[in-house]
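Working notes, structure below.
Numbering (full-length UniProt numbering), first residue to last: 1 to 155.
Following this line, the structure appears as structure tokens:
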């Protein structure tokens with residue numbers, strides 16, 4: 001990495017650290033105020049290289065770097081997106097929940113669930129297009145299934 005890029009990315013990290021930057025244009029403007037002459041395309045490449053992602057907290061969306069995001073926040077946000085994108089149906093069955101996905105996608109949802117470490121889920125088993133979630137004793141399986149249906153948009 002060049003010295004100029006290193007200095008610029010350090011400045012971007014400090015800007016993002018304020019927790020108030022929600023667009024590449026804002027990052028570009030703040031860099032300009034610090035004396036950096038960059039285009040939005042350069043900022044876009046820097047943000048991508050740094051692993052910056054937009055995170056929603058308290059109703060506001062702002063960039064965060066991986067080391068600034070709590071593991072549970074990251075996993076929960078990722079789970080919400082993956083369930084919304086990949087889960088086609090959710091059904092309660094005893095102390096289990098059965099989720100259907102497009103062919104070859106169940107493992108993606110299972111991994112996101114495992115990483116989210118939801119206290120109500122004891123474990124997951126993924127097939128090709130079907131995922132089984134074992135719900136812990138004492139937890140209302142139908143309520144958990146309803147929550148997942150809401151996330152997936154399959155009400």
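Using N, Cα and C, we set each Cβ at its ideal position, and we do this for glycine too.
- Taking a C-beta distance under 7 Å as the contact criterion, residue 62 and residue 19 qualify as a contact pair.
- Looking only at 51, 55, 11, 17, the smallest Cα-Cα distance to residue 38 is reached by 11.
- DSSP, read as helix, strand or coil, puts residue 10 in helix.
- Between residue 131 and residue 110, the gap from beta carbon to beta carbon is short of 7 Å.
- Inter-residue distance for residue 89 and residue 107 is about 15 Å (C-alpha atoms, whole angstroms).
- Contact check for residue 24 against residue 53 fails: the beta carbons are separated by 7 Å or more.
- Residue 140 has its alpha-carbon roughly 14 Å from the corresponding atom of residue 118.
- When the Cα atoms are used, residue 94 and residue 15 turn out to be separated by approximately 50 Å.
- Here residue 25 carries a helix assignment [DSSP, helix/strand/coil].
- Rounded to whole angstroms, the gap between the alpha carbons of residue 17 and residue 47 is 13 Å.
- Across the structure, residue 114 and residue 4 are spaced so that their CA atoms are roughly 40 Å apart.
- Just so you know, the alpha carbons of residue 41 and residue 85 end up roughly 28 Å apart.
- DSSP, read as helix, strand or coil, puts residue 52 in coil.
- By the neighbour-count definition (other C-beta atoms within 10 Å, threshold 16), residue 150 is an exposed residue.
- Taking the Cα positions, residue 31 is about 14 Å away from residue 22.
- In this chain, the alpha helix (DSSP H) harbouring residue 148 covers 141-152.
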